[in-house]
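So the structure is just underneath, and the comments pick up after that.
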Amino acid sequence: MFTASYIVAASQLFAFALGAPLIGASPKQARSLVARTAYKVFGGDGTPAQGWPQESEWKSFEDLWSANVATTLSSCSQFNMENNSQEESDNIKKAIQDVSGASGVKPEFLLAIVMQESKGCVRAPTTNYGFDNPGLMQSFQGTHSCNPDGNGVVPCPYDTIKGMLEDGAGLNGDVGLKEGLAQAGGDDVSKFYKASRIYNSGSIAGDGNLNGGIATHCYATDVANRLIGWTDADSHDCDENTIGSVGGGSANSAPAGPSDGGETTTPADTTTTPPPAGGDSAPTGPTAEGASGTCTKWYAVKAGDGCASTGIDFATLQSLNTSLDANCSNLQAGVSYCIAA
Numbered sequence: 001m002f003t004a005s006y007i008v009a010a011s012q013l014f015a016f017a018l019g020a021p022l023i024g025a026s027p028k029q030a031r032s033l034v035a036r037t038a039y040k041v042f043g044g045d046g047t048p049a050q051g052w053p054q055e056s057e058w059k060s061f062e063d064l065w066s067a068n069v070a071t072t073l074s075s076c077s078q079f080n081m082e083n084n085s086q087e088e089s090d091n092i093k094k095a096i097q098d099v100s101g102a103s104g105v106k107p108e109f110l111l112a113i114v115m116q117e118s119k120g121c122v123r124a125p126t127t128n129y130g131f132d133n134p135g136l137m138q139s140f141q142g143t144h145s146c147n148p149d150g151n152g153v154v155p156c157p158y159d160t161i162k163g164m165l166e167d168g169a170g171l172n173g174d175v176g177l178k179e180g181l182a183q184a185g186g187d188d189v190s191k192f193y194k195a196s197r198i199y200n201s202g203s204i205a206g207d208g209n210l211n212g213g214i215a216t217h218c219y220a221t222d223v224a225n226r227l228i229g230w231t232d233a234d235s236h237d238c239d240e241n242t243i244g245s246v247g248g249g250s251a252n253s254a255p256a257g258p259s260d261g262g263e264t265t266t267p268a269d270t271t272t273t274p275p276p277a278g279g280d281s282a283p284t285g286p287t288a289e290g291a292s293g294t295c296t297k298w299y300a301v302k303a304g305d306g307c308a309s310t311g312i313d314f315a316t317l318q319s320l321n322t323s324l325d326a327n328c329s330n331l332q333a334g335v336s337y338c339i340a341a
C-alpha cells in the first residue's frame, strides 16, 4: 500500500525539466521509424470509454525506442551534464528489456516513464521533496544513480542503469510501477494510466480523474501520449492549470495530418464546485516551507487533494506559501499550508 509520504515522490524532475528548451533533437531524426503523432489531451478516468488509448493503439517497443533514442542522446544537457554516449543509451534499452522480463512490467510502459521522468538522461539529478527520488525514473527512495552528489558519473555503468530501472519498476522496494499496477487493479488498459498517476502522486483523486489531485496534473495524459508515439520533439498542449477540468474524450492539440480512422471528440464540459471554506487555527502537522509567519488559518493536505481543495485561489495560496511552484506540482500530503494571514 502506498503511504502519504509517497505523494509527490516521483516526477518532480519532470516538473521543472518540462519548461527547459528541448535539447536540440532533430524531429526528423527522432521520428525516423514512427509516424509523427499530434498530442491529444485525454480527460477522465483512463478508460477507453472516456477516450483513452486502447493497448492495441500503442506503438511497439522497438518503434517507441526508435522515436525517442535521439532525445536520450541529448537530454543531459538540460541539467548541464555530459550527454549520454551511444553505449549508455543502448544500455537503457537493454536494461528496460531485462527489467521488464524480471518484473512483468511492459517495456513500452517502462520506456514511457523513463522519458517522462528524465527524458532518458543517465546522469539525471536526484530531486528531494522530503525523500530522495534519483535516477532515470526518479524512483521513490531509489538506491541507484549516476549523479549521486551533483557530479555525473562517466561512463554510467550498465549495472547502475539497470538498478535505476529496477528501482522504478519496484523490484528493489515497496513502491514502483509493479506495485502501482497492482493497486490500480483490473485487466483493462486503464490500469497503466492509473498506475502512472499513482507513480507520480501516490494516489488517484477521489472522483477517479487521473488529471486531478496533486503533483504533475498532465502526467497520466503525457504517458498515454508517449505510448501511442508522441515524443518531446513534438508540441505539448497540456495545461497544468486546466487539465483537471477536462472531461472524458480527447482533443488533438494540432492537425495530425491524414486521419488514422480514429474519431476526435470534444472534451465534455465539467463543472467544479469550490470546496467549502474551512481550515484550522493551528497546523495539524509539519508546515509548508515558506509559509507565512503571521498565518491565522491552516489547511492540512490529504491524499488526493489539489491546490483548489484548500478553498482559496491559487495566487493567494502561493503568496502565503512561497515554496509552491507555479503549477502547484509540489503540494505535499500531510503538510499544513497557510490559507489566511
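Reading the sequence shown from the start, the letters are residues 1 to 341 in the UniProt record's numbering. The beta-carbon is built from N, C-alpha and C at its ideal position, and this holds for glycine as well. All figures in this text were calculated on a predicted structure; none of them were measured in a lab.
Practice task
Check the DSSP bridge columns for residue 52 and list the partner residues they point to.
Solution key: Taking the first residue of the sequence shown as 1, we reach residue 52 at position 52. Answer is none; residue 52 lacks a bridge partner.
Exercise for the section: Can you say whether residue 117 is buried or exposed, counting buried as having 16 or more other CB atoms within 10 angstroms of its CB? Expected result: Against the sequence shown, residue 117 aligns to sequence position 117. So residue 117 counts as buried.
Problem - Buried or exposed (CB count within 10 angstroms, at least 16 for buried), residue 88 - result: Locating residue 88 in the sequence shown gives position 88, counting from the first residue. Buried, since its Cβ has 16 or more Cβ neighbours within 10 Å.
Exercise for the section: Figure out for me which residue from 94, 43, 299 has the closest Cα to the Cα of residue 310. Expected result: Taking the sequence shown and counting its residues from 1, the one referred to as residue 310 is at position 310. Among 94, 43, 299, the Cα nearest to that of residue 310 belongs to 299.
Exercise for the section: Determine the DSSP secondary structure at residue 230, reduced to helix, strand or coil. Expected result: In the sequence shown, the residue the question calls residue 230 occupies position 230. Of the three classes helix, strand and coil, the one that applies to residue 230 here is coil, per DSSP.
Practice task
Decide yes or no for the touch test of the stretch 193-211 against the stretch 43-51: beta carbon pairs closer than 8 Å, at least 3 of them.
Solution key: yes
Exercise for the section: Report yes if the C-beta of residue 160 is less than 8 Å from at least one heavy atom of the ligand ZN; otherwise report no. Expected result: For the ligand ZN, the structure offers nothing, since it holds no ligand at all.
Exercise for the section: Pair every Cβ in the stretch 206-216 with every Cβ in the stretch 131-139, then say whether three or more of these pairs are closer than 8 Å. Expected result: no
Problem - Nearest residue (CA-CA) to residue 138, options 158, 166, 157 - result: As a first step, residue 138 is located in the sequence shown; it is residue number 138 there, counting from the start. Of 158, 166, 157, the residue nearest in Cα terms is 166.
Exercise for the section: Determine the DSSP secondary structure at residue 63, reduced to helix, strand or coil. Expected result: Start at 1 with the first residue of the sequence shown, and residue 63 comes out as number 63. If DSSP states are grouped into helix, strand and coil, residue 63 belongs with the helices.
Handout entry: Straight-line gap, residue 115 to residue 305 (C-alpha atoms, nearest Å)
Key = As a working note, residue 115 is residue 115 in the sequence shown. As a working note, residue 305 is residue 305 in the sequence shown. When rounded, the distance between both Cα atoms is 26 Å.
Handout entry: Presumed contact (8 Å Cβ cut-off) between residue 218 and residue 198, rounded CB distance
Key = For this step, residue 218 is matched to residue 218 along the sequence shown. For this step, residue 198 is matched to residue 198 along the sequence shown. Not confirmed; about 15 Å, so no contact.
Exercise for the section: May I ask which residues mark the beginning and end of the alpha helix (DSSP H) holding residue 339? Expected result: Locating residue 339 in the sequence shown gives position 339, where the first residue counts as 1. Run containing residue 339: none in the alpha helix (DSSP H); it sits in the beta strand (DSSP E), 336-340.
Exercise for the section: Give the DSSP-derived three-state secondary structure of residue 207 in the structure shown. Expected result: Start at 1 with the first residue of the sequence shown, and residue 207 comes out as number 207. In this structure, residue 207 counts as coil in the three-state DSSP scheme.
Practice task
Measure the CB-CB distance between residue 290 and residue 321 and report whether it falls below 9 Å.
Solution key: Residue 290 sits at position 290 when you count from the first residue of the sequence shown. Residue 321 sits at position 321 when you count from the first residue of the sequence shown. Cβ distance < 9 Å, so residue 290 and residue 321 count as in contact.
Exercise for the section: Excluding the 5 residues preceding and the 5 following residue 93 in the sequence, name in chain order all residues of the same chain whose CB lies nearer than 7 Å to its CB. Expected result: Working through the sequence shown from its first residue, we reach residue 93 at position 93. Cβ neighbours of residue 93 beyond the five flanking positions: 65.
Practice task
Can you say whether residue 125 is buried or exposed, counting buried as having 16 or more other CB atoms within 10 angstroms of its CB?
Solution key: Your numbering for residue 125 matches position 125 in the sequence shown. When all chains shown are included, residue 125 counts as buried.
Problem - Segment limits, beta strand (DSSP E) that includes residue 297 - result: As a first step, residue 297 is located in the sequence shown; it is residue number 297 there, counting from the start. Taken as a continuous stretch (DSSP letters only), the beta strand (DSSP E) holding residue 297 covers 297-300.
Practice task
Would you kindly work out how many angstroms separate the C-alpha atoms of residue 121 and residue 319, rounded to a whole number?
Solution key: Position 121 of the sequence shown, counted from the start, is the residue given in the question as residue 121. Position 319 of the sequence shown, counted from the start, is the residue given in the question as residue 319. C-alpha separation (whole angstroms): 34 Å.
Problem - Through-space distance from residue 336 to residue 280, alpha-carbon basis - result: Start at 1 with the first residue of the sequence shown, and residue 280 comes out as number 280. Start at 1 with the first residue of the sequence shown, and residue 336 comes out as number 336. Approximately 9 Å between the Cα atoms of the pair.
Exercise for the section: Mark residue 220 as exposed unless 16 or more other C-beta atoms lie within 10 angstroms of its C-beta, in which case mark it buried. Expected result: Within the sequence shown, numbered from 1, the residue matching residue 220 stands at position 220. Answer is buried; the Cβ neighbour count reaches 16.
Exercise for the section: Please state whether DSSP places residue 221 in a helix, a strand or coil. Expected result: Taking the sequence shown and counting its residues from 1, the one referred to as residue 221 is at position 221. DSSP places residue 221 in helix when its eight states are reduced to three.
Exercise for the section: Return the chain-ordered list of same chain residues with a C-beta closer than 7 Å to the C-beta of residue 212, the five sequence neighbours on each side being excluded. Expected result: Along the sequence shown, read from residue 1 onward, the residue named residue 212 stands at position 212. Only 205, 244, 306 meet the Cβ criterion.
Exercise for the section: Tell me residue 132's beta-bridge partners as DSSP assigns them. Expected result: As a working mapping, residue 132 is identified with position 132 in the sequence shown. Paired residues: 128.
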